[in-house]
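Engineer:
Number of protein chains: 2
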Amino acid sequence: MLRIVVACIALLAVAGSGSAMDRPVAPNGIALYSGYMNWKVVAPSYREDKGHIRIVTGNEIAVAALRAGTKPLPDGSVLAKVAWKAEKHPSFPVATVPGAFAQVEFMVKDAVKYKETGGWGYARFLGNELKPYGKDAGFVKECFGCHTPVADNDYLFTRIVTVP
Amino acid sequence: MLRIVVACIALLAVAGSGSAMDRPVAPNGIALYSGYMNWKVVAPSYREDKGHIRIVTGNEIAVAALRAGTKPLPDGSVLAKVAWKAEKHPSFPVATVPGAFAQVEFMVKDAVKYKETGGWGYARFLGNELKPYGKDAGFVKECFGCHTPVADNDYLFTRIVTVP
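Chains as they are written, first to last, in the numbering used here: chain A, 467 to 630; chain B, 467 to 630.
1) Using CA coordinates, which residue listed in Ser-543(B), Leu-532(B), His-518(B) and Val-560(B) is at the minimum distance from Gly-517(A)?
2) Is there contact here, the stretch 501–510 of chain B with the stretch 526–536 of chain B, by at least three beta-carbon pairs under 8 Å?
3) Nearest to Cys-609(B) by CA position, among Thr-536(B), Lys-597(B) and Phe-623(B), is which residue?
4) Run through chain A and tell me which residues come within less than 8 Å of Thr-523(B), C-beta to C-beta.
5) Can you tell me whether DSSP reads Arg-533(A) as helix, strand or coil?
6) Reducing DSSP to helix, strand and coil, say where Tyr-502(B) ends up.
7) Between the Cα of Ile-626(A) and those of Gly-535(B), Lys-537(B), Val-544(B) and Trp-550(B), spot the shortest distance and give me the residue it belongs to.
8) Can you tell which of Ala-603(B), Tyr-512(B), His-613(B) and Ala-577(B) has its C-alpha closest to the C-alpha of Ala-492(B)?
9) Report the neighbours of Glu-514(B) on chain A: residues whose CB is nearer than 9 Å to its CB, in chain order.
10) Sort Lys-601(B), Gly-584(B) and Ile-519(B) by Cα distance to Lys-537(B) and report the nearest one.
11) I'd like to know whether the C-beta of Val-606(A) is nearer than 9 Å to at least one C-beta of chain B.
12) When you compare the CB of Glu-595(A) with every CB in chain B, is at least one pair closer than 9 Å?
13) Using Cβ-Cβ distances below 8 Å, what residues of the stretch 575–586 of chain A are close to chain B?
14) Report the rounded CA-to-CA distance for Gly-593(A) versus Gly-495(B), giving the unit in angstroms.
15) Expressed to the nearest angstrom, what Euclidean distance is found between the alpha-carbon atoms of Asp-618(B) and Cys-612(B)?
16) Use the C-beta contact count for Val-578(B): other C-beta atoms within 10 angstroms, 16 or more gives buried, fewer gives exposed.
17) Give the interface partners of Val-570(A) over in chain B, defined as CB-CB distance under 7 Å, in chain order.
18) Given that Ser-557(B) touches chain A, what residues does it touch there, using C-beta distances under 9 Å?
19) Does any C-beta atom of chain B lie closer than 9 Å to the C-beta of Phe-567(A)?
20) Using 9 Å as the limit for Cβ to Cβ distance, is Phe-610(B) near chain A?
21) Nearest to Val-544(B) by alpha carbon, out of Thr-628(B), Tyr-599(B), Val-570(B) and Arg-489(B)?
22) In chain order, what residues of the same chain lie with their CB nearer than 6 Å to the CB of Pro-568(A), ignoring the 5 residues before and after it?
23) At least one CB of chain A closer than 9 Å to the CB of Tyr-502(B): is that the case?
24) Helix, strand or coil: which one does DSSP assign to Glu-582(A)?
25) Write down the C-beta distance between Asp-620(B) and Asp-576(B) rounded to the nearest angstrom, noting that I regard them as a contact closer than 8 Å.
26) List the residues of chain B that Arg-590(A) touches, going by C-beta distances under 9 Å, in chain order.
27) Measure from the C-beta of Arg-520(B) to each C-beta in chain A and report whether the shortest distance is under 9 Å.
28) Taking a contact to mean a Cβ-Cβ separation below 9 Å, would you say Ala-546(A) touches Val-522(A) in this structure?
29) At least one CB of chain B closer than 9 Å to the CB of Val-453(A): is that the case?
30) Would you say Ala-552(B) lies against chain A (beta-carbon separation less than 9 Å)?
31) For chain B, is any of its Cβ atoms less than 9 Å away from the one on Pro-635(A)?
32) If you draw a straight line from the C-alpha of Asp-488(A) to the C-alpha of Gly-565(A), how long is it?
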């Protein structure tokens, strides 16, 4: 009887982690975060050069720190930058709005684990297939290089929006 | 003793509703909703003509209906459209990002109360003073007129973003 119970617990544990196991994983080991569309808004942005319209969302740890003005962000902070193809609204062409999903990128704070890249781990997943970006773990040099000019803002381009 | 208790309860009730009483109110009676920056994302947008970058957020009722594809949205749905002045990012000028707060607008669903305007009540609050827009309750004709071309989408221009 005990063996059956143990076996059932083991089976349930595997079943419960199924969705996590199915998530795509970047070459540096960062798996796609689920639920990032339920995180709070950090800011919208529009990239003319790429034709992307974006939002950055943050998990509770990240948004609490950003709202409080805490820098650097604490370990456990995760930011998601979600990009869609920018399109003219069919009924209102002066408005640029999201079309097809383009990509989602994550910045994951762990000051020790990601010490070599400013305390941030990076990951990017492309298109509807959520294909992990990068041939090997060295891809983060590209991410980190681009973010280095904003080292004095904890390597973040995005500043959290404020409202009165 | 009973009178003192009653007086205390009355005082506490007034004190507790202080923040609600201080909220600006549109000429049609819709008060500014607090907490709309904690609501979930519906979509970002960029208005070239106005030089605004925006996000639309929705309360739980609205976002659940939009995600499920339920139209018209049920009573109790509230959408917030928040606009900031669009600026070039100082360290990355191909990115257009939010600057100063411009305005926040609300659409509030009550099929009976707002029957004359497609079931939606409208409100707009301008600038850091959150000054209510409109000289009298007739201002909603302007809102409704602009939204009429999208009557077949429950008067909503914004479609909720999707991710894989």
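All C-beta atoms, glycine included, are put in the ideal place defined by N, C-alpha and C.
Structural biologist: Put simply:
1) Selected option, being the one with the closest Cα: Val-560(B).
2) A contact exists between the stretch 501–510 of chain B and the stretch 526–536 of chain B.
3) It is Phe-623(B).
4) Val-507
5) helix
6) helix
7) Trp-550(B)
8) Ala-603(B)
9) Ordered by position in chain A, the residues that pass the 9 Å Cβ test against Glu-514(B) are Val-560, Ala-561 and Thr-562.
10) Gly-584(B)
11) no
12) yes
13) none
14) 44 Å
15) 13 Å
16) For Val-578(B), the number of other beta carbons within 10 angstroms of its own is below 16, and it is reported as exposed.
17) Val-629
18) Pro-615, Val-616, Asn-619 and Phe-623
19) yes
20) no
21) Residue Val-570(B) is the option with its Cα nearest to Val-544(B).
22) Rather than Pro, the amino acid found at residue 568(A) in this sequence is Ala. Once the five neighbours on either side are set aside, the close Cβ partners of Ala-568(A) are His-518, Ala-549, Trp-550 and Lys-551.
23) Output row for Tyr-502(B): interface = yes.
24) helix
25) Contact flag wrong, Cβ pair sits at about 13 Å.
26) The premise fails here: Arg-590(A) is roughly 14 Å from chain B at the closest Cβ pair, so nothing lies under 9 Å.
27) yes
28) yes
29) This structure cannot speak to residue 453(A), because chain A is shown only from 467 to 630.
30) Residue contact with chain A for Ala-552(B): present (Cβ-Cβ distance below 9 Å to some residue of chain A).
31) Residue 635(A) lies beyond the residue range present for chain A, which begins at 467 and ends at 630; the question has no answer from this structure.
32) 26 Å
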